[in-house]
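One structure below.
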Amino acid sequence: MTKRMIIDPVTRIEGHLRIEVELDNNNTVKDAWSSITLWRGIETILKGRDPRDAGLIVQRFCGVCTYVHYEASIMACEDAFGIKPPPNARLIRNLTQGIWYLGDHIMHFYHLHGLDWVDIVSALKANPKAAEELARSIHPNPWNCSASHYKAVQERLTRFVKSGRLGPFANAYWGNPSYKLPPEANLVIVSHYLDALQISKVAAQAQAIFGGKNPHPQHLVVGGVTCVLDMLTPSRLGEFLFRAKEVKDFVERAYIPDVLLAARYYKDEGLAGIGGGVKNYLCVGGFPLNDDMSSFLFPKGVVKNRDLSKVWPLDEKLITEEVTHSWYEGKEPQHPYSGTTVPKYTGLSKDGYLKGEEKYSWCKAPRYAGEPCEVGPLARMVVGYAAGDKKIKSLVDETLKVTGLPAKVLFSTLGRTAARAIETKLVADQIEPWLNELVKNIKSGDTRTWTYCEVPKEGQGRGMTEPPRGALSHWIKIKNYQIENYQAVVPSTWNCSPRDKNGKRGPYEESLIGTKLAKADQPLEILRTIHSFDPCMACAVHIIEPSGDVHEFKVC
Amino acid sequence: MDDYRKYVSKHYNRLLEQCKVRLDEVEREYPEPREDFQALLKARGISRRSFLKWTGVMTTALMLPPIFKPMVARAAENFSRIPVIWLHFAECTGCSEAILRSSYPNVDDILLETISLEYHETLMAAAGYQAEKCLEEAMEHFAGKYVCVIEGAIPRGLNGQYLRLGPKGETGLALGKRVVSKAAMTISLGACAVWGGIPAASPNPTDCVGASKALGVSTVNIAGCPPNEVNFVGTLLHFIMFGSMPPRDGEGRPLWAYGKRVHDFCERRPHYDAGEFVEEWGDEGAKKGWCLYKVGCKGPYTFANCPHLRFNDHMSWPVMAGHGCIGCTERGFWDTMAPYEKPIQEAAIGGGERTIDNIGIILTAATAAGVAAHGVYTAIRKKDKNQEEQKQEERE
Chain A
1 MTKRMIIDPV TRIEGHLRIE VELDNNNTVK DAWSSITLWR GIETILKGRD
51 PRDAGLIVQR FCGVCTYVHY EASIMACEDA FGIKPPPNAR LIRNLTQGIW
101 YLGDHIMHFY HLHGLDWVDI VSALKANPKA AEELARSIHP NPWNCSASHY
151 KAVQERLTRF VKSGRLGPFA NAYWGNPSYK LPPEANLVIV SHYLDALQIS
201 KVAAQAQAIF GGKNPHPQHL VVGGVTCVLD MLTPSRLGEF LFRAKEVKDF
251 VERAYIPDVL LAARYYKDEG LAGIGGGVKN YLCVGGFPLN DDMSSFLFPK
301 GVVKNRDLSK VWPLDEKLIT EEVTHSWYEG KEPQHPYSGT TVPKYTGLSK
351 DGYLKGEEKY SWCKAPRYAG EPCEVGPLAR MVVGYAAGDK KIKSLVDETL
401 KVTGLPAKVL FSTLGRTAAR AIETKLVADQ IEPWLNELVK NIKSGDTRTW
451 TYCEVPKEGQ GRGMTEPPRG ALSHWIKIKN YQIENYQAVV PSTWNCSPRD
501 KNGKRGPYEE SLIGTKLAKA DQPLEILRTI HSFDPCMACA VHIIEPSGDV
551 HEFKVC
Chain B
1 MDDYRKYVSK HYNRLLEQCK VRLDEVEREY PEPREDFQAL LKARGISRRS
51 FLKWTGVMTT ALMLPPIFKP MVARAAENFS RIPVIWLHFA ECTGCSEAIL
101 RSSYPNVDDI LLETISLEYH ETLMAAAGYQ AEKCLEEAME HFAGKYVCVI
151 EGAIPRGLNG QYLRLGPKGE TGLALGKRVV SKAAMTISLG ACAVWGGIPA
201 ASPNPTDCVG ASKALGVSTV NIAGCPPNEV NFVGTLLHFI MFGSMPPRDG
251 EGRPLWAYGK RVHDFCERRP HYDAGEFVEE WGDEGAKKGW CLYKVGCKGP
301 YTFANCPHLR FNDHMSWPVM AGHGCIGCTE RGFWDTMAPY EKPIQEAAIG
351 GGERTIDNIG IILTAATAAG VAAHGVYTAI RKKDKNQEEQ KQEERE
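This is the structure in structure tokens:
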């Protein structure tokens with residue numbers, strides 16, 4: 001006897017996601033479906049516009065992954081125009097992307113994902129003195145750590161709970177046996193939950209120094225960047241570095257120790273491989289380290305079947321998308337350049353469930369050589385590790401050594417969350433060297449920030465980058481100086497993919513199989529695994545090849 | 001003159017009385033503040049003096065005379081009483097992010113930290129049925145009292161089914177109607193909720209419109225993509241103080257925030273008047289911070305307080321970062337302001353790129369008539385829109 005459970009809305013994500021699972025008598029997930037429930041059709045809107053405007057428009061795919069679509073679009077245009085931005089522009093892009101990696105990952109761990117690991121109500125029972133000792137057992141100088149501070153946090157929470165109005169913390173899963181942390185650990189991480197609200201703002205300010213604002217910075221143009229005045233003002237660079245250091249400090253003294261703390265108590269779940277999901281990992285290369293884009297901080301490649309001994313070179317021709325289970329017409333898998341899409345919404349079943357055997361999501365199903373792939377922090381660390389990248393390998397090995405866990409623990413919900421923390425440290429370490437490189441370049445007399453360019457009459461190009469949530473690629477086709485065709489394959493499309501025609505589940509779906517719920521009516525364990533991917537639905541749902549006639553969309 | 005003063009003074013005193021009555025009502029009718037605001041200020045190292053300074057700034061921003069300062073302070077202390085139900089429709093969550101990143105360390109920031117979010121999908125711990133329960137309970141307990149904040153446009157195409165939400169798969173349209181019907185005030189936050197925003201850009205594939213149009217209610221429109229958080233905080237404070245929407249312009253935007261033109265307060269304005277323009281990205285003019293009009297700045301057609309407030313703790317704003325304004329507080333800007341790197345071929349000011357160097361001189365003379373010019377400009381756009389609608393009808 002199985003029962004079906006709907007989780008909609010999946011909260012603490014960007015956008016609108018529905019998860020349905022089938023539970024057996026032991027409350028173990030036997031089958032799962034993930035569905036995106038909003039479609040906006042932004043690529044249709046791009047058709048016929050000036051290619052240089054695409055960046056600002058596609059940036060509105062998502063306000064959480066702000067900046068990344070802007071950059072990918074500008075890179076696609078640069079590829080199509082046949083130009084390269086000057087070194088200063090590459091560095092400023094790395095800096096704006098890099099500082100936001102820190103802000104975004106911190107926000108994800110504490111504000112979107114944290115409450116899957118941390119029981120706020122339990123923190124009220126903690127002994128502040130013991131909490132201080134616990135924090136110091138992980139790091140010699142933890143962030144904002146003192147018994148009196150922890151006590152103040154506890155008092156604030158108590159007042160909050162006593163008011164009887166829990167607001168965002170109401171009706172949640174407090175006391176669920178799947179929460180494994182002792183009260184003291186809960187208190188330490190909750191105190192950083194509050195601190196992190198401030199720190200992600202500092203990261204946003206730093207991004208705004210070059211970007212003009214956050215979210216949705218406005219400083220890129222095809223050929224370079226516009227913020228030349230800020231770049232040439234030493235005090236602005238100082239303001240940036242000052243903030244970057246503060247955020248890096250938080251990463252080292254709060255974020256990493258908190259993830260290690262969680263790992264201490266959740267290691268059994270990790271070792272059991274809960275939330276592992278599909279076994280292929282893909283990375284398109286992130287943070288170019290030179291101007292011909294041949295060397296990356298995150299190396300590109302594919303790891304198949306969790307075989308860490310081999311990295312397959314990325315062959316773009318093997319990327320396809322299909323729509324057997326998506327609300328579009330079509331049967332065969334197609335390469336993004338030649339894809340077609342005609343929306344075909346078939347709705348929910350009579351009982352209000354997803355029609356799992358038919359079409360059930362606005363998300364398409366991307367595949368690499370016919371296989372579903374996971375993208376994101378875990379994929380980047382796995383590919384980098386397998387490729388023997390020195391920085392990545394030493395950081396991963398070091399983390400495993402500290403926790404005393406084997407490499408297989410990576411392939412789990414816990415591993416995914418840890419990989420995100422590891423790469424945050426990796427990027428944090430690069431910010432100052434990049435800024436120094438920029439200063440050195442300016443000192444040598446190179447103040448160029450833009451390469452002259454004109455829109456070609458015809459052309460096509462693609463931009464690939466690795467935003468916080470995983471592999472992103474934008475494809476553009478230009479005809480008569482206008483956008484003829486635009487397509488983006490984004491991280492959450494890879495991860496949130498529905499089944500394909502062979503019935504192979506996407507990464508979210510696969511990762512839920514075998515997950516056991518401690519309480520039948522509380523989807524805590526499911527949320528923990530889904531959140532570990534850092535879902536971002538708004539990004540994924542614009543996926544549409546705008547070759548269908550617009551009028552066909554108006555089915556009503 | 002004396003009569004005038006007397007009249008104004010009488011008017012404001014009456015308003016002050018109203019405000020006191022309203023605040024008494026809030027303190028009586030609404031639940032206890034969830035957090036001790038003064039204690040929080042202290043914990044974050046904000047002195048009484050800085051707080052009073054902030055009340056002064058906020059009072060001025062709301063276009064109220066100094067006698068209202070104690071009222072603003074009282075409203076701030078009652079901020080966490082007001083239940084807020086925050087709905088996400090066709091959106092990118094950028095507006096939520098902008099509000100979460102309000103400036104720091106600052107009173108606005110603490111206010112937003114204490115905001116009583118009864119329902120906010122990006123932040124709430126509960127999901128699925130438990131989340132739905134939060135919404136239903138809040139709507140019941142705080143009926144007629146809560147503020148509904150709407151982020152994102154509402155798709156009407158496919159009978160609203162381009163967006164379905166919650167365990168019952170309700171359309172965004174149906175859910176929105178249900179929630180705003182019991183709200184004391186509805187705020188449309190950001191371009192999408194105000195007029196449709198990016199999904200409503202031509203050809204508007206999902207037939208998205210703003211909340212006001214889709215749901216048939218009057219809303220306070222905090223325009224911008226994303227908007228500035230100060231404009232949001234001010235609107236809530238105004239609601240606490242007067243129990244109503246602030247005075248709004250024809251687009252539903254609070255006058256105190258959107259009453260002035262970006263161009264008139266731009267730090268690069270003197271270069272415009274002097275005819276000093278950035279001709280291409282990264283040129284000598286760009287290095288000197290000259291005017292961005294020729295590379296597409298839409299500041300002359302845009303009403304917002306960005307040059308004053310800037311973003312992220314006054315850190316910067318697009319023009320400071322060397323990129324022109326794209327007019328994101330204006331209706332239809334994705335279409336009317338495009339292409340973003342070129343000036344509008346503007347008939348109203350004798351258009352065409354040929355004459356740009358003269359425009360500075362002409363517009364300088366016309367600055368005083370800025371609002372009128374805006375009226376003209378709006379009328380032109382409306383005309384364009386009517387023509388488009390006519391064409392659309394013809395096609396159909």
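Chains as they are written, first to last, in the working numbering: chain A, 1 to 556; chain B, 1 to 396. Every residue gets a Cβ at the ideal spot worked out from N, C-alpha and C, and that includes glycine.
Legend entry - For A/CYS496: DSSP bridge partner residues: BP columns for A/CYS496 are empty, so no partner.
Legend entry - Neighbour flag for B/TYR162 against chain A, beta carbons, 8 Å: yes
Inset, instruction - Could you tell me which of B/GLN18, B/ARG331, B/GLU113 sits nearest to A/LEU194, measuring between CA atoms? - result: B/GLU113
Legend entry - Closer than 8 Å at the beta carbon, the chain B residues around A/LEU102: Result: empty, since nearest Cβ-Cβ is about 14 Å, beyond 8 Å.
Inset, instruction - Run the CB neighbour count on B/LYS298, radius 10 Å, all protein chains shown included, and call it buried at 16 or more, exposed below. - result: buried
Legend entry - Alpha-carbon to alpha-carbon, A/GLY103 and A/ARG18: 27 Å
Inset, instruction - Please confirm if the stretch 266-284 of chain A is in contact with the stretch 508-528 of chain A, defined as three or more CB-CB distances below 8 Å between the two stretches. - result: yes
Legend entry - Reduced DSSP secondary structure (H/G/I, E/B, other) of A/VAL221: strand
Legend entry - Touch test, the stretch 83-100 of chain B against the stretch 192-211 of chain B, Cβ-Cβ under 8 Å, three pairs minimum: yes
Inset, instruction - Mind checking who A/LYS516 pairs with in its DSSP beta bridge? - result: A/THR28
Inset, instruction - With a threshold of 16 other CB atoms inside 10 Å of the CB of B/ALA366, please say whether the residue is buried or exposed. - result: Residue confidence for B/ALA366 is low, a pLDDT of 41 falling below 50, so the modelled location carries little weight; the figure read from the coordinates is stated next. So B/ALA366 ends up on the exposed side.
Legend entry - Burial state of A/ILE544 (16 or more Cβ within 10 Å): Any reading at A/ILE544 must be qualified, since the residue scores a pLDDT of 33, below 50, and its modelled position is unreliable; the value itself is stated next. It is buried - the Cβ of A/ILE544 has at least 16 other Cβ atoms within 10 Å.
Inset, instruction - Starting from the N-terminal side, write out each stretch of the alpha helix (DSSP H) that is 4 residues or longer and does not extend beyond the stretch 215-261 of chain A. - result: 228-231, 234-250
Inset, instruction - Pull up the CB-CB distance for A/ARG93 and A/GLU71, whole angstroms please, since I reckon it's below 8 Å. - result: 6 Å
Legend entry - N- and C-terminal bounds of the alpha helix (DSSP H) containing B/GLN130: 128-141
Legend entry - Buried versus exposed call for A/LYS364 [16 or more other C-beta atoms within 10 Å across all chains shown]: buried
Inset, instruction - Could you give the DSSP three-state label for B/MET71: helix, strand or coil? - result: helix
Legend entry - Bridge-paired residues (DSSP) for B/ILE240: Note: B/ILE240 sits in no beta bridge, so no partner.
Inset, instruction - Have a look at B/ASP273 and A/GLN482 and give me their C-alpha separation to the nearest angstrom. - result: 34 Å
Legend entry - Status (buried if at least 16 other CB within 10 Å, exposed otherwise) for A/SER148: exposed
Legend entry - Closer than 9 Å at the beta carbon, the chain D residues around A/GLY330: Going by chain labels, chain D is absent from the structure shown, which instead holds the protein chains A and B.
Inset, instruction - Determine, using beta carbons only, whether B/ASN312 comes closer than 8 Å to chain A. - result: yes
Legend entry - 8 Å Cβ cutoff, B/TYR340 in contact with chain A: yes
Legend entry - chain A contact for B/ILE198 (CB, 8 Å cutoff): yes
Inset, instruction - Please classify A/PHE210: does DSSP put it in a helix, a strand, or coil? - result: helix
Inset, instruction - Could you check how far apart the C-beta atoms of B/PHE333 and B/ILE326 are, in whole angstroms? I think they sit under 8 Å. - result: 6 Å
Inset, instruction - Quick one: measure Cβ to Cβ for A/SER361 and A/TRP327, integer angstroms, because I've assumed they're closer than 8 Å. - result: 7 Å
Inset, instruction - Might you give, ordered along the chain, the residues of its own chain that have their beta carbon closer than 8 Å to the beta carbon of A/TYR150, omitting 5 neighbours on each side? - result: ALA126, PRO128, ALA131, GLU132, LEU187, VAL188, SER191
Inset, instruction - Please classify B/ALA348: is it buried, with 16 or more other beta-carbons within 10 angstroms of its beta-carbon, or exposed? - result: Below a pLDDT of 50, predicted positions are generally treated as unreliable, and B/ALA348, at 39, falls in that range; the measurement from the model is reported next regardless. Classification of B/ALA348: exposed, given that the 10 Å Cβ count is below 16.
Inset, instruction - Return yes when the Cβ of A/PRO288 is within less than 8 Å of the Cβ of A/ILE319, no when it is not. - result: no
Inset, instruction - Please name the residues in the stretch 161-187 of chain A whose beta-carbon is closer than 7 Å to at least one beta-carbon of chain B, in chain order. - result: SER163, ARG165, GLY167, PRO168, PHE169, ALA170, ASN171, ALA172
Legend entry - 8 Å Cβ cutoff met for B/ARG101 and A/ASN214: yes
Legend entry - Beta-bridge pairing of B/HIS11 - partner residues as DSSP gives them: Looking at the DSSP assignment, B/HIS11 forms no beta bridge with any residue, so it has no partner.
Inset, instruction - For B/ARG48, count neighbouring Cβ atoms within 10 angstroms of its own Cβ and tell me buried if that reaches 16, exposed if not. - result: exposed
Inset, instruction - Would you give the residue range spanned by the alpha helix (DSSP H) that B/PHE311 belongs to? - result: Segment: none, B/PHE311 is in no alpha helix (DSSP H) and carries neither H nor E.
Legend entry - Bridge partners - A/THR66, DSSP secondary structure assignment: DSSP, once it has assigned bridges, lists no residue as partnering A/THR66.
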